[in-house]
Every structure is written in structure tokens, then in C-alpha cells.
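Single-structure report; data block below.
Residue numbers (the working numbering), protein chains in the order written: chain A, 93 to 205; chain B, 588 to 701.
What follows is the structure, given as C-alpha cells:
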């Protein structure tokens with residue numbers, strides 16, 4: 093099993109550009125989530141999904157969209173990148189919900205100029 | 588307003604000794620707590636958890652203690668090993684049956700000295 097995979101590992105964008113961060117898991121987990129990690133702060137939840145076709149907002153959803161058309165994939169879209177979105181992004185999945193052990197991807201380091 | 592606080596950004600411990608990492612929280616509705624460990628350039632990995640109905644949970648060298656009245660939890664690592672050098676995050680969740688959000692502390696960087 094590959095676990096949770098994320099692509100790309102690194103990305104540089106210009107302000108206003110859009111892009112999609114990819115996340116996939118092969119563990120048949122129902123719960124998937126996206127976090128961002130900024131220096132000196134804990135991980136903050138952007139969006140999450142409790143199953144295919146179901147998504148909801150987390151703590152910091154503005155500027156991001158998600159969709160969950162399959163159990164395996166949970167892409168994160170940046171609509172119009174801003175320097176404030178410079179961060180490290182982690183995707184995670186777990187069997188049921190957040191209190192179960194979450195498995196994290198290796199992260200995507202995004203810089204917005 | 589940080590609901591989960593890890594007040595020590597870093598901690599240095601001699602190999603073989605006990606490492607104690609602390610975490611405080613303000614939300615009395617939190618009922619489930621988790622510790623994750625993170626190496627550079629990797630995602631966090633789950634370490635140990637505790638439910639609010641317990642005050643201690645042990646897994647090998649790792650023990651988590653929960654003091655609900657003080658809204659404080661701690662992670663003990665005994666004995667500390669070089670591979671334990673990492674950033675440790677505590678996280679909390681309220682209402683484990685219906686809530687899907689974890690609130691994370693800022694992390695403590697643990698350095699194990701040989």
C-alpha cells in the first residue's frame with residue numbers, strides 16, 4: 093500500500109494563478125482532510141470529507157475548494173493564489189473520523205510570489 | 588485564541604533520560620486527545636491518544652497523562668532515544684461521535700542529545 097500520496101512536492105505560483113493539489117489514499121478510508129501548516133502554528137484544517145460526495149469547511153476554508161468524487165481522491169483547488177497561501181499543505185485520511193489515527197501524506201510546499 | 592497550547596517551542600534531553608512534553612487546553616468540551624510526531628519533510632505520524640474518561644494511557648516507551656481539572660496533558664518518553672528527535676504536536680477533539688475537527692498545538696521540537 094502506498095498510503096497517502098500528495099503531488100506535487102513543491103510548487104511556486106504567481107499571485108492570481110490557480111492550481112490543484114492532488115491527494116490520494118489506497119486504504120479505503122472514509123475520512124479525508126486538508127491542513128495547512130505555517131511557521132509557529134499548529135496544523136489548521138482547511139476542508140474535510142466524511143465520504144464520497146460529502147465535503148465540509150474547516151477552520152480556514154477561504155480561497156480553497158474541494159471535491160470528493162471517489163473514496164480515493166481528495167483534490168484541493170486554489171482558486172486565485174495569494175501570498176498568504178504560502179504554506180505547507182498536508183492531506184490526511186482515517187478510517188472513520190478525526191479521532192481515529194490519521195495517516196498523513198508527505199506534504200506540498202507551496203510558495204506564492 | 589489558541590485552544591491548544593504547547594508553550595515550549597523546544598526541549599533538549601539527554602539520551603536515556605525521560606522526555607516530558609506538555610500541552611494545555613482551554614476548551615472544556617474537548618474529550619479526545621492525540622499526540623503526533625513529525626520528522627522534517629514528512630507528514631505527522633500518530634503516536635498515542637487518550638480519551639477524557641481516562642487519566643493515563645501507555646504504549647511501550649510512551650505514556651500520556653491527562654489532568655482534566657487542570658486542562659493539561661503530558662507525553663512522557665522513557666527512555667529517550669536519538670530517533671525520538673522530532674517535532675511533537677498535541678491535538679484535541681470535542682464530541683468524538685459527531686465532530687470531525689482536530690485542533691492542534693504549535694508543536695514542541697524535541698532534541699535528544701547523545
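Quick reminder that beta carbons are idealized off the backbone N, C-alpha and C, glycines included.
Query	Result
At what residues does the beta strand (DSSP E) containing residue 124/A begin and finish?	123-129
Residue 100/A and residue 630/B: beta carbons closer than 9 Å?	no
Looking at residue 633/B and residue 194/A, is the spacing between their C-beta atoms short of 9 Å?	yes
Taking only beta-carbon positions, decide if residue 632/B is within less than 9 Å of chain A.	yes
Could you pull out every residue in the same chain whose Cβ sits closer than 6 Å to the Cβ of residue 643/B, ignoring the five residues on either side in sequence?	652
If you compare alpha carbons, which of 187/A, 140/A, 110/A, 103/A is closest to residue 688/B?	140/A
Taking C-beta pairs closer than 8 Å, name the residues in chain A that residue 591/B reaches, listed in chain order.	134
By how many angstroms is the C-alpha of residue 662/B removed from the C-alpha of residue 595/B?	13 Å
Could you tell me the distance, in whole angstroms, from the CA atom of residue 187/A to the CA atom of residue 617/B?	21 Å
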